[in-house]
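Working notes, beginning with the structure itself.
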Amino acid sequence: MNIDLITPRVSKHFLLLIAAMVWTFAGGMLLFRGFTLNKTLPAHWMVELPAGILAGLLFFRMLFSRISTKHVIRIQNLPIEQPCLFSFFNIRSYLMMFSMIMLGVMLRKSGFVSAEYLSLMYITMGIPLLLSSFRFYKTFFNF
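To convert, note that position 105 of the sequence shown is 105 in my numbering; the numbers rise steadily by one, no gaps.
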């Protein structure tokens, strides 16, 4: 059996949309978890929340903006017109995503980090992921 016959394929154009939706989902999930994990809303939340938002914006500016740009360029330069549905990430990015998910689950389940700080970490990471998704949407609509 030829593996190409069963490989789900999409155009590079729609691969950009799929990437945008995956990044939106990941960022949205982290933001949702961050805002709902800590139910107590301590008095110093008004200091921590802006700090988390600022850190998220810095992460976007210094790291995630470059990462999302690299992924957009990589998708646009794929050698075939209809790549595999899952090629919106390269292997390294899949490994990084898996590691980050496992770290988040382990931290949440272990109780090693309090819900208050964990929620702040989720918000800090959700912001750059969500902002990065906009680069994929922009490229998809301007394709």
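For every residue, glycine included, the Cβ atom is placed at its ideal position computed from N, Cα and C.
Should residue i go down as buried or exposed, given a rule of 16 or more other Cβ atoms within 10 Å for buried?
i: residue 153; result: One cannot answer for residue 153 here, as it falls past the ends of the chain, which runs 1 to 143.
i: residue 135; result: buried
i: residue 139; result: buried
i: residue 111; result: exposed
My assumption, with CB atoms under 8 Å, is that residue i sits in contact with residue j. Please give the rounded CB distance.
i: residue 16; j: residue 87; result: Actually they do not touch by this definition, with Cβ atoms about 11 Å apart.
i: residue 22; j: residue 82; result: Actually they are not in contact, since the Cβ atoms of residue 22 and residue 82 sit about 18 Å apart, beyond 8 Å.
i: residue 122; j: residue 37; result: 7 Å
In angstroms with no decimal places, state the Cα-to-Cα distance between residue i and residue j.
i: residue 80; j: residue 68; result: 20 Å
i: residue 32; j: residue 116; result: 14 Å
i: residue 124; j: residue 56; result: 4 Å
i: residue 77; j: residue 92; result: 18 Å
i: residue 141; j: residue 60; result: 21 Å
i: residue 119; j: residue 89; result: 26 Å
i: residue 108; j: residue 28; result: 18 Å
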